[in-house]
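Remarks on the structure that follows.
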Amino acid sequence: MTTLTTIAATGVLRESWLLLAFPLFGAVVLLVGGRRTDRWGHLLGVAMPIAAFVYGLIAFFTLLGDTSRSQDQHLFSYIPVAGLQVNEGLLIDQLSISFVLLITGVGSLIHIYSIGYMQHDTDRRRFFGYMNLFIAAMLLLVLSDNYLGLYVGWEGVGLASYLLIGFWQFKPSAAVAAKKAFVVNRVGDFGLTVAIFLMFAEFGTVQFPGVFGSVKAGGSGVATALGLLLLLGACGKSAQVPLQSWLLDAMEGPTPVSALIHAATMVTAGVYLLVRSNPILALSPGARLAIAIIGAITLLFGAIIGCAKDDIKKSLAGSTMSQIGYMTLGAGLGPAGYVFAIAHLIAHGFFKAGLFLGAGSVIHGMDDEQDMRHYGGLARLLPITFGTFILAYLAIIGVPPFSGFYTKDGIIEAAWDRGGTAGPILTACAILGVGITAFYMTRMVLMTFFGKSRRPENTHPHESPAVMTVPMILLAVGSVGAGAFLIIGQRFENFLGPVTGVPPTAHSYWSVPGDISLVLIVIGAALAWNMYGRVPVPVTAPRGNFPVVAGRKDLYGDALNESLIMRPGQWLTRLSVYFDNRGVDGLVNSLAALIGGTSGRLRRLQTGFVRSYAMLMFLGAFVVITLLLVVRL
Amino acid sequence: MSPVHYVALSAILFVIGGVGVLVRRNAIVVFMCIELMLNACNLAFVAFANMHGNLDGQVIAFFVMVVAAAEVVVGLAILMAIYRARRSASVDDANLLKW
């Protein structure tokens, strides 16, 4: 178990606020400046993440020299009241700087790509404003030295995600998808919120060092509760089962958004949260097991969805869900898995961003056509896109020596080493997932780039301009080399070790489960070739058997939500509306109606005829006198 | 003479007056019937005063006469006003003050 001890930031790291300031400045200028910035807005929007990336590189090399401590740069006192002191500061350690480089590095490439992709969009400046806002919020998320600051960033990326999914808000489907993502994320945020409340109630602090220092004294019950609540938060943000349904709809956003937010960075925030909280998880084997199980379920869930989708982006979204499942599984395996989870996260950032940008390039060239059944034979027409896509494809399915092989293999091996009853089952899920990954990715490549053209007559696919292809090439380089660079020679283990702890057993590259997974890759790819390469792909989707139909419907995720949550919720609201109308309102209304009705009848006594009044007076006098006489007797 | 006869006469006059108030439509007649009832009361007061041998009842009879005179002044003025407005002295025609 590691605890977090920090020292005040020194040297160049004292200026780490610049990391946040650059993209935030870009976002403010672009969003407040309005149409005046339309002409040069995208250039500013690209410059800001690059500036942050340059600073991140400097900070990284500074940190390389001193690997023993985490550096904390105090910014300001956020909540200074008796009983709760929250000091906002930036925590610069090996884990956060890895994320900083991923976010700003991949983020910069995607920003550059967006110049080309969004060229014809009249709202390109607003797009870049939101993207910069996202980068700023994401950096705040990974750099904060306390859970409250992390939460601010957490909500900030949620907001940016909402704004960008619904960027084309004139499309009802995009507006609905944005709302869905926001609402589902609220469920996860509830877990994170309660976890922060619990930390405050139990430990009286939400700073990372304070929480991690006192969590041991809090007992394992508190640690398990915190672990499960953080897992709920991670499930929402990282689209893990059961909060996975929003990610597939999130593909309504522009493709660079899918690449940056819904593949490379934001959806991995849940994994960051879990790995960052490793001292809490260290005390709770139960929470760790729950995390691993959720990861294993999700990695199969997403992979199956990825097999059934014909929309290239939705298929990739299923794949993202599946790959994050691997990371979550890794995060649930303790110190043996943390390093590989983060390594896979970084490698995934490269190859999945590369795949999405490649898909975006295809969509761009095909006049916004996303159905793979209308593609076919694009390899010759889009050679650069094809080349980068193939490299990222080899990386994601885990062919050695591409990056996915090293990082995924580490997770599988860590699952195998876990032992017990759960270890072999988790391993089996993970290697089965590898086979399915090979199947759906091969299917995607075959349907898109090979075979005969199934394009409509009037489309003329063309290669994208250099501003789009250069980022794709750079990401492809990352896809090829990142895994080997990080894993070979325990480079990343030694780097991250001070934060996450070092894996107990040295990682070997060839293990039995790893070998089985390699065989499964071949089988999966061969199966896909048998179904989509050997025979022509029908343009209209066949009806399909049960698993295909289920996969097309997101494995009934929406149906489940609707029948388990939405319908009972509607019944509840209807019931309470009925009770309110009939019960509460009914009581009051009927009383009022009773009085109204009675007085309405009683007033008929006021006839206006003097003689009837006189009659009543006589009667009254008669009654009074009679009574008096009767009583007297 | 025993006071019973006076009281009986008074009761008869009162009932005649009361029935007249209830059944007659002409405001003047109704008015006169009210006077009849008042005077029936006066008769009873005076009879009881005579029976008890003091003046209390007679004094009250004078008060009643004064009040009746004042009432006649106001009542006849109202009657005139109603008659001018509606060209009718029937009490059933003055029935606007109702639900």
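Sequence lines, in order, name chains A and B.
For the first sequence, my numbering assigns the number 20 to the initial residue and increments by one for each residue that follows.
For the second sequence, my numbering assigns the number 54 to the initial residue and increments by one for each residue that follows.
Glycine is no exception: its CB is placed at the ideal position from the N, C-alpha and C atoms.
- In this structure, VAL276 (chain A) places its C-beta atom within 8 Å of the C-beta atom of LEU183 (chain A).
- When the beta-carbon positions are compared, SER180 (chain A) and ILE280 (chain A) come within less than 8 Å of each other.
- With fewer than 16 other Cβ atoms inside 10 Å of its own Cβ, GLU476 (chain A) counts as exposed.
- With respect to chain A, the C-beta atom of VAL144 (chain B) has a partner C-beta closer than 8 Å.
- The C-beta of TRP173 (chain A) has 16 or more other C-beta atoms within 10 Å across all chains shown, which makes the residue buried.
- Neighbours of VAL74 (chain B) in chain A, taken as residues at a C-beta separation under 7 Å, are given in chain order as ALA633.
- Per DSSP, VAL531 (chain A) lies in no beta strand (DSSP E); the unbroken alpha helix (DSSP H) holding it starts and ends at 531-547.
- Counting only the Cα atoms, ASP145 (chain B) lies some 9 Å from ASN79 (chain B).
- Using beta-carbon distances, ASN148 (chain B) counts as an interface residue toward chain A, with a partner under 8 Å.
- Among the CB atoms of chain B, one or more fall inside 8 Å of the CB of THR626 (chain A).
- Residue contact with chain A for GLY71 (chain B): present (Cβ-Cβ distance below 8 Å to some residue of chain A).
- For the C-beta of ARG622 (chain A), the chain B residues within less than 9 Å are, from N- to C-terminus, LYS151 and TRP152.
- In terms of beta-carbon proximity, PHE637 (chain A) lines the interface with chain B, with at least one pair separated by less than 8 Å.
- DSSP lists A:VAL105 as the bridge partner or partners of ILE98 (chain A).
- Across the structure, ALA66 (chain A) and LEU37 (chain A) are spaced so that their CA atoms are roughly 14 Å apart.
- ILE316 (chain A): member of the alpha helix (DSSP H) spanning 304-327, first to last residue.
- In terms of Cα proximity to GLY520 (chain A), the closest of A:ARG392, A:ARG399 and A:GLY356 is A:GLY356.
- With a cutoff of 8 Å on beta-carbon distance, ALA123 (chain B) and ILE81 (chain B) are scored as not near each other.
- With a threshold of 16 other beta carbon atoms within 10 Å, ASP208 (chain A) meets it and is buried.
- Bridge pairing for ILE111 (chain A): A:GLN90 [DSSP].
- Nearest to LEU49 (chain A) by alpha-carbon distance, out of A:SER192, A:PHE146 and A:GLY373, is A:PHE146.
- With contacts defined as CB atoms closer than 8 Å, GLY110 (chain B) and PHE116 (chain B) fail to qualify as a contacting pair.
- Sorting A:ALA196, A:LEU32, A:ILE312 and A:PHE219 by C-alpha distance to the C-alpha of ALA101 (chain A) places A:PHE219 at the top.
- Within chain B, the residues placing a beta-carbon under 9 Å from that of ARG630 (chain A) are VAL74, LEU75, VAL76, ARG77, ARG78, VAL83, VAL144 and ASP145, ordered along the chain.
- Close CB contacts of ARG144 (chain A) within its chain, under the 6 Å cut and outside five residues either way in sequence, are with LEU49, THR56, ASP57 and GLY60 (chain order).
- For THR212 (chain A), the uninterrupted alpha helix (DSSP H) segment begins and ends at 191-222.
- Exposed is the label assigned to TRP590 (chain A), since fewer than 16 other Cβ atoms lie within 10 Å of its Cβ.
- With the rule of 3 Cβ pairs closer than 8 Å, the region 255-263 of chain A does not count as touching the region 223-232 of chain A.
- Secondary structure at ASN151 (chain A): helix, using DSSP grouped into helix, strand and coil.
- Selection A:PRO354, A:ARG399, A:VAL499 and A:ALA485 evaluated against ARG437 (chain A) yields A:PRO354 as nearest (Cα-Cα).
- Shown here, SER264 (chain A) sits in a helix according to DSSP, grouped into three states.
- By the Cβ criterion, the region 435-449 of chain A is not in contact with the region 481-495 of chain A, since fewer than three pairs of Cβ atoms, one from each stretch, lie closer than 8 Å.
- If you compare the alpha carbons of B:VAL126, B:LEU75 and B:VAL60 with that of CYS94 (chain B), the shortest gap goes to B:VAL60.
- For THR25 (chain A), there is no enclosing alpha helix (DSSP H); the enclosing beta strand (DSSP E) has its first and last residue at 25-27.
- In this structure, LEU364 (chain A) keeps its C-beta atom at 8 Å or more from the C-beta atom of VAL418 (chain A).
- No Cβ-Cβ contact shorter than 8 Å links PHE369 (chain A) with VAL202 (chain A).
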